[in-house]
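In our numbering, the protein residues as written are 13 to 144.
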């Protein structure tokens with residue numbers, strides 16, 4: 013019969029797994045943009061900022077991250093990306109601009125479509141008014 017031995021490991025029971033978009037928005041477990049709050053209560057961390065679930069306190073998913081930890085994470089990511097691809101920031105800005113242009117085009121088309129629908133509904137209302 014063999015026995016197995018295990019060594020004690022320091023493992024975080026609650027790992028911080030969350031989504032971050034290109035604009036540095038953090039997402040809670042509800043897939044909503046986390047909100048930044050400030051510690052208000054008497055504590056050694058009073059005045060410090062943190063990110064939390066926007067549905068707190070009603071439907072809180074327990075998402076929590078200190079702002080200083082997020083800033084450290086972003087700084088590390090930026091320095092890594094900058095050293096790998098110096099043109100990365102420029103191409104990101106170009107992609108962001110193209111995305112905004114596409115979004116504007118879609119909104120313009122949606123606006124045009126909604127105006128057409130409004131005109132049609134006004135025309136139907138006028139016909140009913142005359143006949144009614």
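All C-beta atoms in this analysis are idealised placements derived from N, C-alpha and C, irrespective of residue type, glycine included. Source: prediction; values computed, not measured.
Asked, Found
"By the DSSP assignment, the beta strand (DSSP E) with residue 49 in it spans what residues?", "47-50"
"Should residue 9 and residue 76 be called a contact, given that it needs their Cβ atoms to be closer than 8 Å?", "Residue 9 lies beyond the range of the chain shown here (13 to 144); nothing can be said about it."
"Tell me which residues share the same chain as residue 146 and place their Cβ nearer than 6 Å to its Cβ, disregarding the 5 neighbours each side in the sequence.", "In the structure as shown, the chain begins at 13 and stops at 144. Residue 146 is therefore absent and cannot be evaluated."
"DSSP state of residue 118, grouped into three classes?", "helix"
"Any chance you could list the beta strand (DSSP E) runs of at least 3 consecutive residues sitting entirely within the segment 59-91, in chain order?", "61-64, 76-78"
"Alpha carbon to alpha carbon, how far is residue 82 from residue 136?", "55 Å"
"From this set, 128, 42, 124, which residue's C-alpha is nearest residue 74's C-alpha?", "42"
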